[in-house]
Amino acid sequence: MVTHFQQACYDLLKQIPAGKVTTYAEIAHALGGKAYRAVGTAMNKNPNPVIVPCHRVVNSDGRLGQYAFGCERKQHLLESEGVRVVDGKVQDFEQLRFRFN
DNA sequence: CTCATGACTTTTT
DNA sequence: AAAAAAGCCATGA
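Encoded structure:
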């Protein structure tokens with residue numbers, strides 16, 4: 001089942017263009033709170049991996065973080081979109097970072 | 001309602 | 001700098 005909170009997260013994710021990334025904290029704040037932990041939980045339950053680009057969500061320090069289908073898969077997906085990743089960390093993270101309106 | 005848990009973040013050792 | 005602890009919050013039992 002999909003809760004309202006989860007749906008909100010997915011809607012935000014769908015706004016992120018390819019080649020860009022965001023953080024759990026960013027999403028949580030966009031939702032008006034600090035539920036960054038809950039955001040991760042929502043991603044883990046990701047119902048449609050294709051429609052929702054949950055691989056574009058990384059930790060606040062630029063690290064990749066976890067991924068339901070394996071963190072390696074996450075890294076390759078990002079690299080195939082043009083995001084350079086070195087030793088589990090996003091390069092030029094601050095620049096590639098997408099900001100919500 | 002209360003309790004435990006986790007794709008997190010920040011502070012303190 | 002690196003590791004541990006504390007703080008956070010939605011979700012499911």
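Counted from 1, the first sequence has number 18 at position 18 by my numbering; the numbering is strictly sequential.
From the three backbone atoms N, C-alpha and C, an ideal C-beta is built for every residue, glycine too.
Checking the DSSP bridge columns, you'll see Lys89 partnered with Arg63 and Val86.
Going by DSSP, Arg37 is part of the alpha helix (DSSP H) stretching over Tyr36 to Asn44.
As a beta-bridge residue in DSSP terms, Thr22 pairs with Val57. Contact between Gly82 and Gly19 holds, since their C-beta atoms are separated by about 4 Å, short of 8 Å. The criterion of a C-beta distance shorter than 7 Å is satisfied by Val39 and Ile27.
For Leu31, there is no enclosing alpha helix (DSSP H), as DSSP marks it with neither H nor E. One alpha carbon belongs to Pro49, the other to Gln91, and they sit about 24 Å apart.
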